[in-house]
Amino acid sequence: MAYDVTSPTLLTSGTYNSFTESSATDYTGWKSAHSTTPSGFQPAGRLERVLLVTNGSARLTSVREVQIGQTTYTTNNNGTLTVVARLADQRLAAGGATGTLAVSNQTLRLTNQIVLPNGSTQSGAWSATTTTDGTATFALTNLAGVHGVCRLAAWLDGGIANSMLDRDQDAWATHSYALGTTVELTASPDVGDDKNSAASKRARIRVTRTGPTNSSLVVNLTIHGNIVFRPTDTTADSQAYAINEITGSTQPKVAGYGTYGTWGGTNVTWSSSSGAYWPLPGLAFTPLENLIYAGISTDPLYAVGPMGSNARVTRLSGTDFNLPHLAVSPSAAYGIVSNASVIVGSSKNHSTGNLRPVAWEGSGTTYTAKDVGGSLAATWAGEAYGANLENQVVGQFYVLYTGGWSGAAAFRSKSGTTVQHLAFNSATGVGDILYAPGVSGTGNLTAQTVAAWITTIKNTH
1 MAYDVTSPTL LTSGTYNSFT ESSATDYTGW KSAHSTTPSG FQPAGRLERV LLVTNGSARL
61 TSVREVQIGQ TTYTTNNNGT LTVVARLADQ RLAAGGATGT LAVSNQTLRL TNQIVLPNGS
121 TQSGAWSATT TTDGTATFAL TNLAGVHGVC RLAAWLDGGI ANSMLDRDQD AWATHSYALG
181 TTVELTASPD VGDDKNSAAS KRARIRVTRT GPTNSSLVVN LTIHGNIVFR PTDTTADSQA
241 YAINEITGST QPKVAGYGTY GTWGGTNVTW SSSSGAYWPL PGLAFTPLEN LIYAGISTDP
301 LYAVGPMGSN ARVTRLSGTD FNLPHLAVSP SAAYGIVSNA SVIVGSSKNH STGNLRPVAW
361 EGSGTTYTAK DVGGSLAATW AGEAYGANLE NQVVGQFYVL YTGGWSGAAA FRSKSGTTVQ
421 HLAFNSATGV GDILYAPGVS GTGNLTAQTV AAWITTIKNT H
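Have a look at this one:
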């Protein structure tokens with residue numbers, strides 16, 4: 001879920017008959033939830049609808065959301081599925097404070113519907129009161145021996161308090177959880193859809209499996225006649241995130257993540273999801289470790305990415321290893337330069353601190369973590385996403401300007417024989433923090449002035 005607002009416009013004194021409505025980028029695709037939040041709650045599933053909270057004068061002060069988080073299954077009470085949901089306000093500056101605020105002592109409701117293998121359904125409904133951290137815990141019992149996918153929906157009544165989910169009035173979220181191992185077969189686009197006007201009626205058949213991925217799962221797929229042709233490529237659901245350099249006659253390699261399998265007669269055995277690389281131009285899927293690779297070097301050939309709470313390095317020849325934490329976990333790697341001398345990402349600066357943009361400098365399996373933020377406020381959180389052979393690092397920092405604007409801004413460090421710490425003067429706006437890409441100094445100071453002007457206007461009304 002993301003919110004976009006355009007930059008404010010400084011209005012001069014005078015009379016205005018109308019204002020031009022500002023617009024923001026539409027987010028029509030799926031968005032992944034943050035892996036962790038300030039309170040430790042881990043969201044999952046999909047945020048469907050939020051509620052707008054005002055201060056009584058029609059000023060929007062926060063956005064209230066319900067999210068489904070940690071969902072676990074145990075054998076207790078004849079099979080129990082424990083679901084944690086959270087109610088929180090995402091506060092806006094117009095309300096005088098920003099950040100996530102837990103909402104306690106409110107009733108959240110949960111429904112669960114399971115489609116069983118015989119086509120029948122099993123459903124139930126529960127309610128619970130949110131605690132001081134905004135969470136409510138639901139225990140769904142007597143699920144032992146049940147195989148199917150739990151379709152969970154959690155909500156806060158936003159319209160009529162009728163204990164029924166109103167999709168157009170309530171704040172609600174959904175999540176799916178598989179009990180046992182299930183297999184789903186879909187085709188995209190639908191070959192039976194009249195809107196699919198392609199003469200050959202081509203479609204991709206997708207097999208989705210749940211359950212443990214530490215062993216192979218055989219899916220028997222029968223193909224009738226000659227109207228459906230079996231593909232030779234058994235890679236599905238792949239994503240590419242990085243590409244390395246061409247060196248001489250060596251073609252580049254693409255790093256990412258995907259699911260793969262092998263054909264045997266009319267059966268396809270889906271192995272598991274894995275981080276991987278594809279050597280161009282052949283595009284043969286080469287599985288590595290089970291993580292999403294966000295960066296890949298050229299010589300030596302390393303692939304990097306986040307793996308659990310560690311920044312992981314997979315060496316195509318040699319021992320794989322985790323990079324050292326800045327202070328404590330979690331850490332994540334997002335980029336690497338072509339000769340593998342610098343790897344960038346994020347790591348926590350203290351057990352109760354923040355994620356900081358980090359550069360790991362070294363070679364082989366020996367690297368040292370450096371806080372790219374340097375002496376900038378330890379409360380500023382950020383991440384590094386890329387670097388070059390001039391030891392310049394780019395990423396994002398959440399900054400606070402002296403007496404004015406605060407928010408997420410891009411940064412780039414200066415070049416040097418080693419990675420340089422960021423320099424920034426929040427009073428003048430001069431330094432390595434970029435209010436807009438390629439703009440520093442004056443652009444930053446203008447943003448501060450506009451923010452301070454808006455604050456003055458707000459405080460006088």
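Take 1 as the starting number for the sequence shown in the numbering used here and just add one per residue. All residues carry an ideal CB built from backbone N, CA and C; glycine is no exception. Just so you know, these numbers come straight off a predicted model, no measurement behind them.
Practice task
Taking only the alpha-carbon atoms, compute the straight-line gap between G441 and F411 and give it to the nearest angstrom.
Solution key: Because G441 sits at a pLDDT of 48, beneath the cut-off of 50, its placement in the model cannot be relied upon, and the following sentence gives the value as read from the coordinates. Taking the straight line from one Cα to the other gives about 13 Å.
Practice task
Note the first and the last residue of the continuous beta strand (DSSP E) segment covering R356.
Solution key: Under the DSSP assignment, R356 falls in the beta strand (DSSP E) whose first and last residues are L355 to S363.
Exercise for the section: Tell me whether G345 is buried or exposed, calling it buried when 16 or more other Cβ atoms sit within 10 Å of its Cβ. Expected result: With 16 or more Cβ atoms within 10 Å of its Cβ, G345 is classed as buried.
Problem - Residue closest to L323, alpha-carbon to alpha-carbon, out of T365, A94, T61 and D133 - result: When only C-alpha atoms are compared, the closest one is T365.
Problem - Same chain, Cβ closer than 8 Å to K348, neighbours up to 5 away in sequence not counted - result: Around K348: H325, L326, A327, V328, S329, P330, S331, N354, L355 and R356.
Handout entry: Contact set for A128: own chain, Cβ-Cβ below 7 Å, skip 5 residues either direction
Key = Counting only Cβ-Cβ distances below 7 Å, and skipping sequence neighbours, we find L108, A136, T137 and F138.
Practice task
State the Cα-Cα distance for the pair C150 and R312, rounded to the nearest angstrom.
Solution key: Rounded to whole angstroms, C150 to R312 spans 33 Å at the Cα level.
Problem - Spatial distance of I68 from N339 (CA atoms) - result: Cα atoms of I68 and N339: separation of roughly 42 Å, rounded to the nearest angstrom.
Exercise for the section: Compute the distance between the beta-carbons of A409 and L434, then report whether it is under 8 Å. Expected result: Cβ distance < 8 Å, so A409 and L434 count as in contact.
Handout entry: C-alpha gap between G374 and I114, whole angstroms
Key = Linking G374 to I114 through their CA atoms gives a straight-line distance of about 52 Å.
Exercise for the section: Select from I336, R91 and T352 the residue whose C-alpha is nearest the C-alpha of E361. Expected result: Of the listed residues, the one whose Cα sits closest to E361 is I336.
Exercise for the section: Taking I246 as part of the beta strand (DSSP E), name the residues at either end of that continuous run. Expected result: It is not in any beta strand (DSSP E) - I246 carries neither H nor E in the DSSP assignment.
Handout entry: Cutoff 8 Å: R151 Cβ touching any chain C Cβ
Key = Absent from the structure is chain C; it holds one protein chain and no more.
Practice task
Return the CA-CA distance between N17 and A173, expressed in angstroms with no decimal places.
Solution key: Computed Cα separation, rounded: 41 Å.
Exercise for the section: State the start and end residues of the unbroken beta strand (DSSP E) segment that holds F397. Expected result: V393 to L400 is the span of the beta strand (DSSP E), which, as asked, contains F397.
Handout entry: Pair within 8 Å by beta-carbon distance, W380 and V399
Key = A contact, by the Cβ cut-off of 8 Å.
Problem - Contact under 8 Å by Cβ, S415 with L422 - result: Taking a C-beta distance under 8 Å as the contact criterion, S415 and L422 do not qualify as a contact pair.
Practice task
Enumerate in chain order the residues of its own chain whose CB-to-CB distance from N77 is below 8 Å, with the five nearest sequence positions on each side excluded.
Solution key: Excluding sequence neighbours, N77 sits near A139, T141 and N142.
Handout entry: Spatial neighbours of E65 in its chain, beta-carbon cut-off 7 Å, leaving aside the 5 residues before and after
Key = The beta carbon of E65 sits closer than 7 Å to those of L47, V50, A88, Q90 and A171, all from its chain and outside the five residues before and after it, given in chain order.
Handout entry: M307: CB within 7 Å of a non-hydrogen atom of the ligand ZN
Key = For the ligand ZN, the structure offers nothing, since it holds no ligand at all.
Exercise for the section: Identify the continuous beta strand (DSSP E) that holds Q45 and give its terminal residues. Expected result: A small fix is needed here, since residue 45 is Gly in this sequence, not Gln. Unbroken run through G45: none, as it is neither H nor E.
Problem - CB contact flag (L110, G148, <8 Å) - result: By the CB criterion at 8 Å, L110 and G148 fall outside the cutoff.
Handout entry: Where I160 falls, given that 16 or more other Cβ within 10 Å makes a residue buried
Key = I160 counts as exposed, since fewer than 16 other C-beta atoms from the protein chains shown sit within 10 angstroms of its C-beta.
Handout entry: Residue span of the beta strand (DSSP E) that contains K414, given as start and end
Key = No beta strand (DSSP E) holds K414; DSSP gives it neither H nor E.
Exercise for the section: Compare the C-alpha of Q392 against each of L81, T418, A44 and L376 and name the closest. Expected result: Of the candidates L81, T418, A44 and L376, the one whose C-alpha sits nearest the C-alpha of Q392 is T418.
Practice task
Report yes if the C-beta distance between G180 and Q169 is below 8 Å; otherwise report no.
Solution key: It is not a contact, given that the beta carbons lie outside the stated cut-off.
Practice task
Check whether the Cβ atoms of I296 and A242 sit closer than 8 Å, and answer yes or no.
Solution key: A Cβ-Cβ contact shorter than 8 Å links I296 with A242.
Exercise for the section: Please list the segments of the alpha helix (DSSP H) lying wholly inside the region 290-339, counting only runs of 4 or more residues, in order along the chain. Expected result: With a minimum length of 4 residues, there is no unbroken run of alpha helix (DSSP H) contained wholly in the region 290-339.
Handout entry: I160 (DSSP reduced to helix, strand or coil)
Key = Reduced to three states, the DSSP call for I160 is coil.
Handout entry: Separation of A153 from T82, as counted between CA atoms
Key = So the alpha carbons of these two residues sit roughly 14 Å apart.
Exercise for the section: Just confirm the distance between the C-beta atoms of G79 and A144, as a whole number of angstroms; I'd bet it's less than 8 Å. Expected result: The distance from the Cβ of G79 to that of A144 is about 3 Å, consistent with a contact at the 8 Å cut-off.
Handout entry: Those residues which DSSP pairs with P287 across a bridge
Key = A276, per the DSSP bridge assignment.
Practice task
Output the distance between the C-alpha atoms of T121 and S176, rounded to the nearest integer angstrom.
Solution key: Distance between the alpha carbons of T121 and S176 is about 15 Å.
Problem - Pair within 8 Å by beta-carbon distance, T132 and A85 - result: Using a Cβ distance threshold of 8 Å, T132 and A85 do not count as a contacting pair.
Exercise for the section: Evaluate N112 with the Cβ neighbour count: other Cβ atoms within 10 Å of its Cβ, from every protein chain shown; 16 or more gives buried, anything less gives exposed. Expected result: With a 10 Å radius around the Cβ and a threshold of 16 neighbouring Cβ atoms, N112 comes out buried.
Problem - Alpha-carbon to alpha-carbon, G134 and G40 - result: Straight-line Cα distance between these residues: approximately 12 Å.
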